[in-house]
Amino acid sequence: MNTNLVDLIYLISAVFFILGIKGLTKPKTAVRGNMLSAIGMLIAVVITLLDKSIVSYEYIIAGILVGGIVGGIMATKIQMTSMPQMIAMLNGCGGGASLGLAAASYLLTSQTGGYESGVLGVMAVGFVMVTVLIGSVTLTGSLVAFAKLQELISGQSIGFAGIKFLNAALFISAITMLGMLCFDPTNATIFWALVAVSCTLGITIVLPIGGADMPVVIALLNSYSGIAAAAAGFIMGNTVLIVAGSLVGASGLILTQIMCVAMNRSLTNVLFGVMAEGSEAIDADEVYGGKVKSAQAEEIAMILETARRVVIVPGFGMAMAQAQHAVRELSDVMQEKGIEVEFAIHPVAGRMPGHMNVLLAEAEVPYDQLVEMDRINPTFEQTDVAIVIGANDVTNPMAREDKGSPIYGMPILNVDKAQTVVVIKRSLSPGFAGLPNPLFAMDNCLMVYGDGKKAVIEITAALVNA
Amino acid sequence: MEMIVMQLALFVLSLFLGVELITKIPPTLHTPLMSGTNAISGITLVGAVIAAGAGDSASSLVHGLGFIAVVMATVNVIGGYLVTNRMLAMFKRKN
Chain B
0 MNTNLVDLIY LISAVFFILG IKGLTKPKTA VRGNMLSAIG MLIAVVITLL DKSIVSYEYI
60 IAGILVGGIV GGIMATKIQM TSMPQMIAML NGCGGGASLG LAAASYLLTS QTGGYESGVL
120 GVMAVGFVMV TVLIGSVTLT GSLVAFAKLQ ELISGQSIGF AGIKFLNAAL FISAITMLGM
180 LCFDPTNATI FWALVAVSCT LGITIVLPIG GADMPVVIAL LNSYSGIAAA AAGFIMGNTV
240 LIVAGSLVGA SGLILTQIMC VAMNRSLTNV LFGVMAEGSE AIDADEVYGG KVKSAQAEEI
300 AMILETARRV VIVPGFGMAM AQAQHAVREL SDVMQEKGIE VEFAIHPVAG RMPGHMNVLL
360 AEAEVPYDQL VEMDRINPTF EQTDVAIVIG ANDVTNPMAR EDKGSPIYGM PILNVDKAQT
420 VVVIKRSLSP GFAGLPNPLF AMDNCLMVYG DGKKAVIEIT AALVNA
Chain S
0 MEMIVMQLAL FVLSLFLGVE LITKIPPTLH TPLMSGTNAI SGITLVGAVI AAGAGDSASS
60 LVHGLGFIAV VMATVNVIGG YLVTNRMLAM FKRKN
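Chains as they are written, first to last, in numbering that gives the first Met the number 0: chain B, 0 to 465; chain S, 0 to 94.
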């Protein structure tokens with residue numbers, strides 16, 4: 000088929016992708032947007048399959064069958080609480096596909112005459128190697144992220160003091176090999192060494208990142224998978240790959256940026272795992288020292304009974320306890336009693352961007368009840384009760400007040416300004432930042448100890464009977 | 000050479016377009032955005048099929064790598080679009 004025609008059709012599918020992403024700006028148009036994007040994909044794939052350079056179809060058909068079945072099963076069976084793992088897997092597949100494509104292209108070119116000399120040849124090899132580097136890091140980094148989220152390995156930071164020097168060394172050697180290959184593309188040994196070093200780098204970059212920093216990693220790997228696709232587009236001289244890949248790359252970068260701002264940390268700071276050092280270790284007993292009050296479900300129900308406005312603050316603990324449906328029921332019962340209920344969503348609550356929103360949407364909480372941090376914070380002073388479920392660091396007033404605190408400057412939800420704060424939590428154990436939370440010792444704060452789901456169900460039952 | 004310059008221009012302009020588009024997406028849809036863009040990055044499928052379908056002149060390693068690339072890209076496309084659709088359907092109902 001005429002290459003100009005193919006490029007024009009690729010342009011059409013690129014337009015579909017753009018319209019698809021544009022559809023995501025509103026929940027109402029989002030489903031249609033996703034469809035448009037899928038149509039764009041179908042057009043691009045079909046037109047490519049008609050390409051004259053494809054001579055054998057057996058590997059393609061087998062690959063599409065296997066991939067389609069695996070992808071289909073994953074997408075339909077996965078639980079909403081496991082969505083971060085799903086995204087990690089998809090990121091990894093994106094990186095892996097680019098890596099496989101780049102490696103296949105390199106070997107094929109080496110077999111059939113090799114790269115031409117001169118600037119063009121050097122650039123062609125360069126694109127392949129950049130794709131290999133980014134694709135490998137994305138692949139293995141995502142696998143580690145998946146293992147952490149799935150708790151196959153510890154979800155916390157794993158590593159040793161000098162790991163950043165190891166990473167720097169790995170990165171420098173990868174770049175050196177990349178440069179060597181540009182001038183001597185025939186040296187396959189260096190090529191495979193580059194693959195090995197890049198794959199190791201992906202592992203050692205993600206291992207030391209843990210817990211509440213996971214949203215940043217997921218968003219960043221999302222971006223890498225797009226950049227890898229765009230780099231693969233340069234290898235193949237394929238316009239739709241370049242456009243789609245860079246759209247995805249930009250998307251991931253923006254999400255990464257949003258996550259970093261929401262934690263008041265720079266990207267390098269997250270990647271190299273350095274929390275700002277606090278002036279001194281804060282003693283939990285000193286903060287809590289007999290000032291923490293706990294309450295039973297019945298007492299909470301009595302307080303809620305007289306409330307006019309309640310804000311629910313969900314965190315990763317809600318996902319862990321699978322409490323989203325119980326929370327929705329509590330919210331329904333309160334609304335039946337004429338209480339105004341809203342949900343306060345901190346940008347980094349959970350393990351990926353938008354994690355809480357997806358869980359609450361699954362439990363059929365209308366999305367207009369989910370309010371972003373900046374819009375809900377001024378309303379806490381008019382709020383009778385704030386119910387915190389499985390969130391900790393994002394409500395810690397030290398971030399606002401204590402200049403010496405490692406989390407100082409991180410934007411938080413000002414739940415302490417509410418008349419009463421109810422914190423549902425297993426114990427007084429610290430969150431990811433490892434800090435005690437003075438909120439728990441405040442006069443207006445009541446702790447309900449126990450499993451999030453069970454506690455919420457008990458409060459709901461007590462409220463129904465009240 | 001002109002080709003590469005054109006492609007570079009396309010790349011940079013698409014990045015800017017991406018930034019403009021994505022900043023308008025509300026936080027509530029950030030997870031579907033990620034899975035949806037994952038599906039889009041499955042566009043590597045169009046490159047992967049060319050590698051996998053290279054014919055008998057290519058070694059079995061090339062075919063194997065092409066096959067793996069096709070599998071992974073298809074997981075992205077099918078898995079990404081289906082799971083995005085599943086999530087978005089939850090946002091749509093009741094409204």
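We treat Cβ as the ideally placed atom computed from N, Cα and C, and that holds for glycine.
Return the first residue and the last residue of the beta strand (DSSP E) that B:Pro-313 is part of.
308–313
For B:Ile-171, is the classification buried or exposed, using 16 other Cβ atoms within 10 angstroms of its Cβ as the cut-off for buried?
exposed
Quick check: what's the CA-CA separation for B:Leu-106 versus B:Phe-190?
10 angstroms
8 angstroms Cβ cut-off: residues of chain S touching B:Lys-163:
Here the premise fails: no neighbours, minimum Cβ distance about 27 angstroms.
For B:Thr-419, which beta-bridge partners are listed by DSSP?
B:Val-384
Under 8 angstroms from the C-beta of B:Asn-263: neighbouring residues of chain S:
Chain S residues near B:Asn-263: none, gap ~17 angstroms exceeds 8 angstroms.
Give me, in chain order, the residues of the same chain whose beta-carbon lies closer than 6 angstroms to that of B:Ile-456; leave out the 5 immediate sequence neighbours on both sides.
Ala-325
In three-state DSSP terms, what is B:Tyr-407?
coil
Return the bridge partner residues of B:Phe-342 from the DSSP annotation.
B:Ile-311 and B:Leu-369
Own chain, CB closer than 8 angstroms to B:Ala-227, minus 5 neighbours either side, in chain order
Gly-93, Gly-94, Ser-97, Leu-98, Thr-130, Ile-133, Gly-134, Thr-137 and Gly-244
Chain-ordered chain B contacts of S:Val-48 [CB-CB under 7 angstroms]
Thr-47, Leu-48, Ile-53 and Ile-59
Leaving out five residues before and five after B:Asn-376 in sequence, what residues of the same chain have Cβ atoms less than 7 angstroms from its Cβ?
Leu-412 and Asn-413
If you count every other CB in all the chains shown that lies within 10 Å of the CB of B:Gly-117, and 16 or more means buried, which is it?
exposed
Are the C-beta atoms of S:Ser-56 and some chain B residue less than 8 angstroms apart?
yes
Among B:Thr-185, B:Leu-206, B:Leu-177 and B:Ile-208, whose alpha-carbon lies nearest the alpha-carbon of B:Val-194?
B:Leu-177
Reduced DSSP secondary structure (H/G/I, E/B, other) of B:Leu-434:
coil
Using DSSP bridges, identify the partner residues of B:Tyr-448.
B:Lys-424
Could you tell me the alpha carbon to alpha carbon distance between B:Ser-265 and B:Cys-259, rounded to whole angstroms?
6 angstroms
Nearest to B:Asn-221 (by Cα), restricted to the options B:Met-82, B:Lys-416 and B:Ser-141
B:Ser-141
Does B:Tyr-56 have its Cβ less than 8 angstroms from a Cβ in chain S?
yes
Residues of the segment 332–345 of chain B with Cβ closer than 9 angstroms to any Cβ of chain S, in chain order
Ile-344
Which first and last residues belong to the alpha helix (DSSP H) in which B:Arg-264 is found?
That residue, B:Arg-264, is in no alpha helix (DSSP H); it is neither H nor E in DSSP.
Should B:Gly-91 be labelled buried (16 or more other beta-carbon atoms within 10 Å of its own) or exposed?
buried
Pick from B:Gly-403, B:Ser-52 and B:Ser-197: whose alpha carbon is nearest that of B:Met-235?
B:Ser-52
So if DSSP puts B:Lys-292 in a beta bridge, which residue, or which two residues, is it bridged to?
B:Leu-445
Measuring only between beta-carbons, confirm whether B:Glu-276 sits less than 8 angstroms from chain S.
Unreliable positioning characterises B:Glu-276 in this predicted model, as indicated by a pLDDT of 42, which lies under 50. The coordinate reading is nonetheless provided below. Chain S, which has no Cβ nearer than 8 angstroms to the Cβ of B:Glu-276, makes this no.
Rounded separation between B:Glu-341 and B:Glu-328 - CA only
13 angstroms
With a threshold of 7 angstroms on Cβ separation, who are the neighbours of B:Arg-536 within its own chain once the five nearest residues in sequence on each side are excluded?
Coverage of chain B is limited to positions 0 through 465, which leaves residue 536 of chain B absent and any answer about it impossible.
With B:Ile-481 as the anchor, note down where its alpha helix (DSSP H) starts and where it stops.
Beyond the ends of chain B as shown, which are 0 and 465, falls residue 481 of chain B; an answer cannot be given.
Straight-line gap, S:Thr-22 to B:Ile-208 (C-alpha atoms, nearest Å)
26 angstroms
Residues of its chain near B:Gly-316, where Cβ-Cβ distance is below 6 angstroms and the 5 sequence neighbours each way are ignored
Gly-389 and Gly-451
Near B:Ala-300, what residues of its chain come up, given a Cβ to Cβ distance below 7 angstroms and the 5 sequence neighbours on each side ignored?
Ile-458, Ala-461, Leu-462 and Ala-465
For the ligand MN, is there any heavy atom lying closer than 7 angstroms to the beta carbon of B:Ile-8?
Judged by which ligands are present, the structure shown has none, so any question about the ligand MN falls away.
With distances taken Cα to Cα, identify the nearest neighbour of B:Thr-175 among B:Gly-158, B:Ser-197, B:Gln-155 and B:Ile-162.
B:Ser-197
Rounded to whole angstroms, what's the CA-CA distance from S:Val-123 to B:Met-73? Just pull it up for me.
What the structure shows of chain S is the stretch from 0 to 94, and residue 123 of chain S is not part of that stretch, so it cannot be assessed.
Buried versus exposed call for B:Ser-278 [16 or more other C-beta atoms within 10 Å across all chains shown]
The predicted position of B:Ser-278 is uncertain, since its pLDDT is 42 and thus under 50; a value taken from the coordinates is nonetheless stated next. Exposed, by the Cβ-count rule.
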